[in-house]
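Data first, discussion second: the structure below is written as structure tokens.
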Amino acid sequence: RSTPILERQARRESNARTYARNLGLAISEAKGIYVKDVDGKTYIDCLACAGALPLGHNHPAVKQAIYDALNNDLPMQTLDLITPIKDEFVSELFESLPAEFSKNAKIQFCGPSGSDAVEAALKLVKTATGRRAVGAFRGGYHGMTHGSLALMGSLGPKMQVPGLMPDVHFFPYPYHHRYPIGTGDCEQDYQQCSQYLETTLGDPEGGILPLAGLVMEIVQGEGGVIPAPDAWVREVRRITRERNIPLIADEVQTGLGRTGTLYAFERSGIIPDVIVLSKAVGGSLPLAVILYKDELDVWQPGAHAGTFRGNQLAMATGLATIRYIRENQLASYVEQMGMHFQMQLWQIQAEFSHLIADVRGRGLMVGVELSAQVRHLGRQLQAECLDRGLIIELGGRNSSVVRFLPPLIIEAPQIDDVCQIFRDAVAAVAQ
Ligand code: PMP
7 RSTPILERQA RRESNARTYA RNLGLAISEA KGIYVKDVDG KTYIDCLACA
57 GALPLGHNHP AVKQAIYDAL NNDLPMQTLD LITPIKDEFV SELFESLPAE
107 FSKNAKIQFC GPSGSDAVEA ALKLVKTATG RRAVGAFRGG YHGMTHGSLA
157 LMGSLGPKMQ VPGLMPDVHF FPYPYHHRYP IGTGDCEQDY QQCSQYLETT
207 LGDPEGGILP LAGLVMEIVQ GEGGVIPAPD AWVREVRRIT RERNIPLIAD
257 EVQTGLGRTG TLYAFERSGI IPDVIVLSKA VGGSLPLAVI LYKDELDVWQ
307 PGAHAGTFRG NQLAMATGLA TIRYIRENQL ASYVEQMGMH FQMQLWQIQA
357 EFSHLIADVR GRGLMVGVEL SAQVRHLGRQ LQAECLDRGL IIELGGRNSS
407 VVRFLPPLII EAPQIDDVCQ IFRDAVAAVA Q
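For the UniProt record's numbering, add 6 to where a residue sits in the sequence shown, where the first one is 1.
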């Protein structure tokens with residue numbers, strides 16, 4: 007059954023597809039952490055639309071929100087008009103944020119995608135500061151539109167596109183693992199990164215590199231699941247604050263519980279100036295927002311618009327999802343499940359130490375880095391997992407990191423199943 011549909015799509019769909027291109031899979035049904043293909047085979051979905059399905063597929067709370075919206079004939083799209091659902095959504099979102107931020111913050115709805123929200127954040131800080139250059143980190147990922155792609159901290163996807171936004175300065179992101187054992191340690195690594203940042207940005211009293219903003223992921227996702235050390239995040243905050251450079255936390259992937267706290271920046275105790283959210287915030291449907299400190303809100307009416315930013319269904323599912331995450335204290339559950347996950351992956355690493363170089367992550371954003379000499383085996387490992395009923399994605403330099411982004415509602419026995427399949431797939435590749 008699956009072959010004709012796959013062949014038809016292979017003829018019609020762009021080569022630019024990513025994992026769908028690598029994996030021959032046509033999905034027709036999904037529930038919770040499971041998806042079923044057109045042949046009736048079931049898979050555990052450890053990608054969950056790159057983190058956009060925090061409660062998994064078709065969660066009852068999300069379905070109910072959609073049924074209610076339709077039964078009550080809620081408007082579907084409302085541009086920027088105020089509606090009761092929007093009001094409730096914004097209130098719930100503000101309550102999920104640290105009070106220190108939300109008490110003086112504004113929200114701007116953006117287009118439906120994370121990239122749209124990153125673009126809006128760039129425009130906002132440029133308008134507010136009157137500066138043209140922005141800072142970003144090596145290995146970072148912020149989207150595929152012109153501005154957000156220009157922020158990408160790896161060259162590959164940018165090389166073919168001439169004329170991306172100039173004036174982006176890149177800074178090193180602590181990545182302990184890039185050092186061969188014995189040549190560097192975590193602390194030395196992050197201290198060097200913050201020294202570089204501080205020296206390049208210059209003296210706050212004069213001669214400062216005038217950045218409109220500095221964009222960071224607290225845990226790099228597509229870049230290979232790299233959690234930043236808390237002390238370094240605090241240093242970045244100190245350095246940017248001293249120079250009045252707005253700090254933009256891109257929480258598109260990490261936001262709303264994924265890393266074991268509602269927001270990844272909370273763990274290090276910092277408060278950014280701008281927060282970018284998408285994926286989980288729409289609770290399965292497309293929605294993207296930026297939240298920012300009042301003083302940055304220099305925009306005049308009409309300075310930033312967008313047709314599809316009044317998507318009421320997405321606000322209804324987003325509201326239901328954020329409420330569910332908060333009421334069920336899912337963030338601390340995610341922290342526990344993340345530990346359970348990593349502990350098993352460490353055992354697999356011990357068994358196959360020649361293949362697996364590193365296991366790391368935060369909450370349910372987990373990565374396994376393959377050893378340098380076998381990193382070309384990533385796609386094969388992905389295919390072996392798929393054969394055994396597990397969907398995973400690769401990321402990082404040379405696609406050498408296996409990324410696990412399961413729905414946040416995954417249970418311990420299901421994590422055990424994931425690890426068992428992954429272990430068998432590693433064993434198959436090892437042969
Ligand atoms: N920022 C981060 C941190 C992301 O992980 C992503 C998507 N993976 C984006 C921005 C872009 O989001 P979108 O794909 O919805 O444009």
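The beta-carbon is built from N, C-alpha and C at its ideal position, and this holds for glycine as well.
Predicted model only: the values in this text are computed from it and were never measured.
Distances between the C-beta of Gly117 and the heavy atoms of the ligand PMP are all 6 Å or more. Within the same chain, Cβ atoms closer than 8 Å to the Cβ of Gln318 are found at Ala75, Leu80, Pro81, Met82, Gln83, Thr84, Thr89, Ile91, Lys92, the five residues on either side in sequence being excluded. Inter-segment contact for the region 193-209 and the region 174-184 is present: three or more beta-carbon pairs are separated by less than 8 Å. For Thr323, the enclosing alpha helix (DSSP H) begins and ends at 318-333. Take Ile214, set aside five residues on each side of it, and the residues of its chain with a beta-carbon closer than 7 Å to its own are Leu207, Gly208, Arg249, in chain order.
The nearest non-hydrogen atom of the ligand PMP is 6 Å or more from the C-beta of Gln114. Of the candidates Glu94, Ala56, Gly46, Glu94 places its Cα closest to the Cα of Arg329.
For the ligand PMP, a non-hydrogen atom lies closer than 6 Å to the CB of Glu223.
For Val68, the enclosing alpha helix (DSSP H) covers residues 66-77. Leaving aside the five residues that flank Arg144 on each side, the residues in its chain whose CB is nearer than 6 Å to its CB run, in chain order, Gly159, Phe176, Pro178, Tyr179. The straight-line gap separating the alpha-carbon atoms of Ser121 and Ile296 is approximately 11 Å. Relative to Met222, the option among Ala255, Gly230, Ala237 whose CA is nearest is Ala255.
Gly369 is positioned such that its CB atom lies closer than 7 Å to that of Gly344. Check the Cα spacing between Ala32 and each of Ile11, Arg18, Ile331: the tightest is with Ile11.
In the pairwise beta carbon analysis, the region 167-174 is classified as not touching the region 234-254: fewer than three pairs are separated by under 8 Å. In the structure shown, Phe410 falls within a strand segment according to DSSP collapsed to helix, strand and coil. Closer than 6 Å to some heavy atom of the ligand PMP: that describes the Cβ of Val258.
Beta-bridge annotation (DSSP): Arg138 is not paired with any residue. Secondary-structure assignment with DSSP links Gln114 through a beta bridge to Ile296.
Ranking Gly117, Phe115, Leu99 by CA distance to the CA of Lys109 puts Leu99 first. DSSP places Tyr202 within a helical segment (H, G or I) once states are collapsed to three.
A distance criterion of 6 Å places the beta-carbon of Ala56 in contact range of the ligand PMP, judged by its closest non-hydrogen atom. Here the distance from the Cβ of His152 to the nearest heavy atom of the ligand PMP is not below 6 Å. Secondary structure at Leu128: helix, using DSSP grouped into helix, strand and coil.
For the pair Gly136 and Met321, the Cα-to-Cα distance works out to about 33 Å.
Collapsing the DSSP output to three states places Ile397 in a strand.
Relative to the ligand PMP, Gly324 has its C-beta separated by 6 Å or more from all heavy atoms. Under the three-state reduction of DSSP, Thr313 is assigned to helix.
Secondary structure note for Phe271: it is in no beta strand (DSSP E), with a DSSP letter that is neither H nor E.
Counting of Cβ neighbours within 10 angstroms places Met371 among the buried residues, the total reaching 16 or more. In this structure, His148 has its CB closer than 6 Å to one or more heavy atoms of the ligand PMP. Within a 10 Å sphere around the beta-carbon of Asp422 sit fewer than 16 other beta-carbons, which makes this residue exposed.
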